[in-house]
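First residue of the sequence shown: 0, per numbering that gives the first Met the number 0; consecutive thereafter. Even for Gly, the Cβ is constructed at its ideal location relative to N, Cα and C. Just so you know, these numbers come straight off a predicted model, no measurement behind them.
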Amino acid sequence: MIRRFVGKISGENPEEGIRIIIAKMLNTHPSLISLSDEDFAQIKEMDNQILKIKELINPFYDSLKNKNTKESNKKLLELIDLGKFLYFLNQDIRVVECEEQPDFIIECKSESIGVELTGIYDDTVVAEIKTIRKIFKKCEQTIAKRSSTLKGLFNVIIIPDKIREKLTTKREQLINSICECILAMANNKHIPKPDFIEDILWNQHSTLELTLWENYWLADLSTDTLLQTIMKKEEKITVYKATKNINKCWLLIVIDGASSISSFNINLDSLPNHLTAFDRIFIFDSFKGVIINGQVNP
């Protein structure tokens with residue numbers, strides 16, 4: 000099985016964040032971690048990637064960003080996934096419509112193509128992580144009231160088996176315990192960590208933010224799961240082509256890869272091989288920037 004560690008770094012000081020995360024993975028001190036010229040080049044390339052992806056999905060990106068509603072933010076995340084996919088696909092394609100039914104319309108070589116975008120998720124993990132993130136938001140509010148000057152990006156490393164039973168019955172206790180740990184760290188005081196926290200990594204940041212560090216094994220992506228995902232999206236393709244005057248329709252299955260919510264180990268031999276109404280099917284690991292090119296209909 001494949002093990003994955005996922006933490007968040009501050010865009011304001013990425014070098015420090017990378018050192019802290021690598022040091023944690025190697026069980027050493029950040030001061031002993033040296034970044035190579037290649038590492039710095041990769042950091043710069045990531046910044047360039049972000050700019051190029053925004054160019055691919057504008058003006059829709061700016062429009063959704065300005066709306067800042069629950070619906071627009073959900074659509075924005077889908078649009079960013081599409082932008083990442085188009086960036087790594089590296090073809091002359093532009094986004095011409097960002098609505099629904101289908102999710103997007105792109106233009107490739109003067110041909111209009113509908114794109115249905117979907118993800119594959121572990122529903123149990125989704126529910127747990129949503130709850131933990133809500134708890135973190137409450138912690139941020141509590142800490143801000145008690146220490147208004149405290150800033151930083153705090154990667155909280157949770158032990159899932161220890162916190163799981165407390166998520167529904169002891170939420171206030173969890174909030175208090177996390178707050179006390181972070182405030183003690185900020186004041187250079189040592190207090191015992193609760194049993195559900197392995198560690199907390201503090202990175203310089205202009206605001207106060209708590210984020211979840213994940214350490215998990217990648218589950219295998221089954222053929223049945225993929226088939227169910229494809230079949231759910233197939234029903235309306237004929238209608239889309241007729242009403243939207245599009246020639247083809249693609250299915251883009253996005254695997255987040257940056258969270259246990261949607262991270263899978265993909266065995267190419269297990270991918271389904273059946274006729275589908277989609278002209279092309281792609282599986283895209285947005286964390287690694289890897290595209291698996293699936294069904295191609297003539």
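Going by DSSP, name the residue or residues bridged to residue i.
i	result
residue 275	Its beta-bridge partners do not exist; DSSP assigns none.
residue 290	283
residue 152	202, 208
residue 254	284
residue 157	196
Comparing C-alpha positions only, which one of the options sits nearest to residue i?
i	options	result
residue 282	70, 68, 80	80
residue 193	208, 177, 139, 148	177
residue 109	93, 115, 123, 117	93
residue 116	82, 106, 58, 159	82
residue 173	133, 186, 126	133
residue 155	14, 23, 12	23
residue 236	248, 130, 47	248
residue 62	47, 233, 78, 48	78
How long is the line joining the alpha carbons of residue i and residue j, rounded to whole angstroms?
i	j	result
residue 211	residue 157	7 Å
residue 52	residue 113	19 Å
residue 244	residue 111	8 Å
residue 197	residue 291	36 Å
residue 238	residue 100	9 Å
residue 190	residue 201	16 Å
residue 285	residue 255	5 Å
residue 188	residue 208	20 Å
residue 37	residue 44	10 Å
residue 230	residue 253	16 Å
residue 97	residue 70	13 Å
residue 222	residue 34	40 Å
Would residue i be called buried (16 or more neighbouring beta carbons within 10 Å of its own) or exposed?
i	result
residue 310	Because the chain in this structure spans residues 0 to 297, residue 310 falls outside the shown range and cannot be described.
residue 277	buried
residue 228	buried
residue 303	This structure cannot settle anything about residue 303, because the visible part of the chain is limited to 0 through 297.
residue 18	buried
residue 171	exposed
residue 39	exposed
residue 204	buried
residue 9	buried
residue 31	exposed
Check your understanding: Considering only residues of the segment 73-141, which uninterrupted beta strand (DSSP E) runs meet the minimum length of 3 residues and lie entirely inside it, listed in chain order?
Key -> 92-97, 103-107, 110-118
Point to revise | 3-residue-minimum beta strand (DSSP E) runs that sit fully inside the segment 184-251, ordered along the chain | key: 196-202, 207-216
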